[in-house]
Amino acid sequence: MPLDKEAIEFEVAQSALLRRRLEQGELLSSNPLDKKYRSTYTLLGSSMTSLQKSYLEIPDGRVFLRRKTSSSGRHHHSAIYFYENDGHASTSSNTWLAKKKHFRDTEEWRVKKTRILNKLRALSKINLALVLSRMPTIEKLPDKVLRDIFQYLSPKQINQVGLVCKRWRVISQNPGLWKFVSFRPNYGGIQVNPQCIDFFIQLIGTRFSELRIVELATDLITPNVLYELANKAPKLQYLTLDFSTAMQLHDFTDLQSFPSRLKSLTLCLSENIFLEGFLRKVYTFISSVETLHIIGTYEKVEDEEEEVYETVNVFKLKQFLPNLRVVNLWGVPFITDEHVDAISSNCAHLECLCVNYCPKVTGSCLKLVLQRCRKLKTLFLAHTKLDNNIVKMVDWEKTRIEELDIKGTELNSEALISILTRLPHLRWLDASWLENMTDQVLEAWQNSNAMGSLQFLNMDTCDSLNEQALVDMIKRHGHQFHGLCLGGQHKLLEYFWMNMIPQLRNIRVMVMGIAEDCCPKVVAKIHVDQFIDCIAQNCPRLTRLEVRWDDETLRFSDKSSKFIDVLRMKCLMLHSIVLSDGQYYELVRSNFERADRMSVVRTTEMCRTGLLHCSRYFNQLLFN
Numbered sequence: 071m072p073l074d075k076e077a078i079e080f081e082v083a084q085s086a087l088l089r090r091r092l093e094q095g096e097l098l099s100s101n102p103l104d105k106k107y108r109s110t111y112t113l114l115g116s117s118m119t120s121l122q123k124s125y126l127e128i129p130d131g132r133v134f135l136r137r138k139t140s141s142s143g144r145h146h147h148s149a150i151y152f153y154e155n156d157g158h159a160s161t162s163s164n165t166w167l168a169k170k171k172h173f174r175d176t177e178e179w180r181v182k183k184t185r186i187l188n189k190l191r192a193l194s195k196i197n198l199a200l201v202l203s204r205m206p207t208i209e210k211l212p213d214k215v216l217r218d219i220f221q222y223l224s225p226k227q228i229n230q231v232g233l234v235c236k237r238w239r240v241i242s243q244n245p246g247l248w249k250f251v252s253f254r255p256n257y258g259g260i261q262v263n264p265q266c267i268d269f270f271i272q273l274i275g276t277r278f279s280e281l282r283i284v285e286l287a288t289d290l291i292t293p294n295v296l297y298e299l300a301n302k303a304p305k306l307q308y309l310t311l312d313f314s315t316a317m318q319l320h321d322f323t324d325l326q327s328f329p330s331r332l333k334s335l336t337l338c339l340s341e342n343i344f345l346e347g348f349l350r351k352v353y354t355f356i357s358s359v360e361t362l363h364i365i366g367t368y369e370k371v372e373d374e375e376e377e378v379y380e381t382v383n384v385f386k387l388k389q390f391l392p393n394l395r396v397v398n399l400w401g402v403p404f405i406t407d408e409h410v411d412a413i414s415s416n417c418a419h420l421e422c423l424c425v426n427y428c429p430k431v432t433g434s435c436l437k438l439v440l441q442r443c444r445k446l447k448t449l450f451l452a453h454t455k456l457d458n459n460i461v462k463m464v465d466w467e468k469t470r471i472e473e474l475d476i477k478g479t480e481l482n483s484e485a486l487i488s489i490l491t492r493l494p495h496l497r498w499l500d501a502s503w504l505e506n507m508t509d510q511v512l513e514a515w516q517n518s519n520a521m522g523s524l525q526f527l528n529m530d531t532c533d534s535l536n537e538q539a540l541v542d543m544i545k546r547h548g549h550q551f552h553g554l555c556l557g558g559q560h561k562l563l564e565y566f567w568m569n570m571i572p573q574l575r576n577i578r579v580m581v582m583g584i585a586e587d588c589c590p591k592v593v594a595k596i597h598v599d600q601f602i603d604c605i606a607q608n609c610p611r612l613t614r615l616e617v618r619w620d621d622e623t624l625r626f627s628d629k630s631s632k633f634i635d636v637l638r639m640k641c642l643m644l645h646s647i648v649l650s651d652g653q654y655y656e657l658v659r660s661n662f663e664r665a666d667r668m669s670v671v672r673t674t675e676m677c678r679t680g681l682l683h684c685s686r687y688f689n690q691l692l693f694n
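Using the numbering used here, you'd call the opening residue of the sequence shown number 71 and step up by one each time.
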């Protein structure tokens with residue numbers, strides 16, 4: 071009979087005992103090509119290809135063996151066929167695969183498969199746990215290393231890590247982690263519940279015994295807190311007392327002790343709270359102070375005619391501060407030239423004087439101040455009412471002034487020439503927002519040879535300056551500039567910057583462009599890709615860059631990313647790029663973020679670039 075397609079195939083090994091018994095019982099033919107069984111037969115194997123597409127007839131009740139032969143002539147396995155005529159099932163070679171697929175569809179296979187997968191998952195978890203147990207983890211770090219890691223966290227974050235486990239809680243309470251703490255919630259500090267002040271006082275002797283810098287809000291400025299700080303925090307050197315939100319002071323009659331090793335004292339004044347009663351108790355403890363900050367209420371004054379109270383007796387305070395080096399009277403509305411003169415009379419070591427936003431200062435004190443304080447190098451007079459005639463009478467050439475801030479003053483051109491041409495040691499100047507800063511002033515300044523030491527120059531929004539005067543200045547002194555701010559000037563466009571950037575080889579801070587809301591509106595288009603490429607090729611030391619033009623003024627394309635890549639690769643020290651919010655800002659930000667340089671690109675709404683951080687006394691002048 072011909073080979074039926076319903077045959078069942080199974081394998082018999084060459085050395086199996088079953089094969090031997092089948093051959094002995096003549097149920098299995100050892101020669102599949104026997105002429106007795108040859109008719110038409112299909113063979114599998116590389117050596118039997120000539121007999122393909124044939125069939126084999128086998129008598130009823132007989133079993134035939136098919137052998138699979140390799141190219142080496144070895145027999146690997148045999149197949150036995152039972153035929154339906156003998157009451158057995160018969161199948162072809164493909165039915166075994168069909169049988170396997172059919173079994174995988176059964177419920178038995180699903181159960182077995184689920185059981186196997188569960189075992190594999192369990193084994194993988196066990197192996198992972200074993201690997202992790204042998205790996206070094208943060209749990210195995212010594213306490214000293216964890217404490218060094220926690221030093222990079224803010225006080226709020228240290229409180230949070232103390233909730234992880236008991237061990238971390240003990241480490242987080244180490245006094246070495248609490249050297250700088252702010253208790254002013256309005257400025258991101260820790261808020262202390264008034265009901266927990268007694269517990270806070272107990273912590274001063276344990277957790278805060280290593281304090282070096284502390285800021286106290288009004289509620290915490292009490293005799294008990296100050297007493298504990300004086301006795302339990304001997305390393306305290308920087309103290310900030312914020313009275314700006316005070317409605318009523320505590321009773322300081324019993325105050326007998328105050329921190330006596332201070333280097334810096336900051337007093338944030340209130341509009342109508344007089345501090346003389348409090349200061350009278352602490353005068354004898356503050357003789358070691360070298361930096362004094364008196365922060366006024368300039369931002370809160372709404373009406374210029376509003377009555378202003380002198381909440382601090384400066385004339386008496388200066389008698390107990392003979393070692394002052396830095397004085398910052400920021401935004402104090404009652405400060406006059408008499409107060410500044412009184413401070414200078416007892417401060418021979420004064421090096422930095424800042425009276426920014428003190429509207430009653432006219433400059434009449436400057437002559438005596440500069441004569442008494444021979445070490446004075448930094449003088450900040452921004453937004454004061456300087457008098458032109460008084461300023462001209464000052465002997466500027468006899469001073470050692472290196473840093474001068476006259477931003478937002480109403481000095482005329484003659485007064486500006488008188489000042490700038492007589493300051494040969496000047497290295498830092500902020501002359502922004504000056505209407506009378508003209509080409510004649512700039513030319514006279516250059517001809518006086520007083521710009522030889524100038525490194526940082528801010529002439530932001532000086533509308534009276536023309537392009538040619540600035541071109542001449544940069545060509546002569548551009549190589550010595552480390553910081554240059556020429557923003558807010560609508561006359562300086564693409565042609566100016568493309569020619570001047572190659573002259574600024576040592577530049578580190580640069581500001582250009584005019585904001586969208588400033589007038590007059592810039593009509594010309596700016597090819598920003600050329601700017602970026604020129605900066606990348608000529609300014610390798612650049613650290614801060616601000617471009618104020620908006621998207622409507624800037625012209626860029628899809629290929630701008632290539633120029634941004636060049637800037638990012640060439641200017642490796644660049645850590646701040648301020649751009650107008652828009653499509654170009656998004657393009658630059660995404661480019662830097664893909665390179666894992668986060669928070670480099672910012673908007674002009676959130677950040678502005680200046681030169682104050684380049685001042686020698688920037689860290690001493692910081693407050694809030």
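No residue lacks a Cβ here, since even glycine has one placed at the ideal position from N, Cα and C.
Bear in mind that the values here come from a model prediction, so they are computed numbers and not experimental data.
Residue nearest to residue i in terms of C-alpha spacing, selected from the options
i                 : options                           : result
phenylalanine 633 : Ala665, Glu622, Cys609 and Val598 : Val598
lysine 468        : His495, Lys236, His453 and Asp475 : His495
isoleucine 228    : Glu513, Val251 and Lys210         : Val251
arginine 672      : Val617, Glu505, Cys417 and Gln690 : Val617
aspartate 603     : Arg254, Lys629, Gly553 and Ser660 : Lys629
cysteine 435      : Val359, Arg546 and Met463         : Met463
serine 357        : Lys210, Arg331 and Thr381         : Arg331
The beta strand (DSSP E) enclosing residue i, as first and last residue numbers
i              : result
threonine 422  : Before going on, a small fix: residue 422 reads as cysteine here, not threonine. Looking at the DSSP string, the run of the beta strand (DSSP E) that includes cysteine 422 is 422-424.
isoleucine 364 : 361-365
glutamate 285  : 283-286
tyrosine 379   : No beta strand (DSSP E) contains tyrosine 379, which DSSP labels as neither H nor E.
asparagine 517 : Counting along the chain, asparagine 517 falls outside any beta strand (DSSP E), though it belongs to the alpha helix (DSSP H) covering 509-517.
Neighbour-count burial assignment, residue i, 16 or more Cβ in a 10 Å radius
i              : result
serine 685     : buried
tyrosine 363   : For the record, residue 363 in the displayed sequence is histidine; it is not tyrosine. Answer is buried; the Cβ neighbour count reaches 16.
tyrosine 655   : buried
asparagine 426 : buried
aspartate 213  : exposed
threonine 679  : buried
asparagine 528 : buried
proline 403    : buried
asparagine 519 : exposed
threonine 207  : exposed
leucine 642    : exposed
serine 242     : buried
Residue i - DSSP class collapsed to helix/strand/coil
i                 : result
cysteine 677      : coil
isoleucine 219    : helix
glycine 548       : helix
isoleucine 647    : strand
aspartate 268     : helix
asparagine 301    : helix
tyrosine 368      : helix
tryptophan 567    : helix
threonine 276     : coil
serine 142        : Confidence in serine 142 is poor, its pLDDT being 45 and thus under 50, which makes the residue's placement unreliable; the coordinate value appears in the next sentence. Residue state, collapsed to three classes: coil.
lysine 383        : Just to set this straight, residue 383 is asparagine in the shown sequence, not lysine. Three-state result, asparagine 383: coil.
valine 396        : strand
leucine 440       : helix
phenylalanine 54  : As shown, the chain starts at 71 and ends at 694. That puts residue 54 outside it, with no answer to give.
serine 334        : strand
phenylalanine 450 : strand
arginine 614      : strand
leucine 624       : strand
glutamate 480     : coil
arginine 672      : strand
Residue i, enclosing alpha helix (DSSP H) - first and last residue
i                 : result
isoleucine 599    : For clarity, residue 599 is aspartate in the given sequence; the question names isoleucine instead. 598-608 is the span of the alpha helix (DSSP H), which, as asked, contains aspartate 599.
valine 581        : Counting along the chain, valine 581 falls outside any alpha helix (DSSP H), though it belongs to the beta strand (DSSP E) covering 579-582.
valine 347        : Inspection of the sequence shows that residue 347 is occupied by glycine rather than by valine. Per DSSP, glycine 347 belongs to the alpha helix (DSSP H) from 346-352.
aspartate 312     : No alpha helix (DSSP H) holds aspartate 312; the beta strand (DSSP E) holding it covers 308-312.
leucine 193       : 177-204
serine 414        : 407-414
serine 242        : 236-242
phenylalanine 322 : Premise fails: phenylalanine 322 is in no alpha helix (DSSP H) and is neither H nor E.
Distance between beta carbons of residue j and residue i, contact taken as under 8 Å
i             : j              : result
leucine 615   : methionine 580 : 6 Å
valine 284    : leucine 325    : Not quite, the Cβ-Cβ distance comes to about 17 Å (not below 8 Å), so this is no contact.
histidine 552 : isoleucine 577 : 7 Å
Residue i Cβ short of 7 Å to the ligand SAH heavy atom set
i            : result
tyrosine 353 : Here there are no bound small molecules, and the ligand SAH is not part of this structure.
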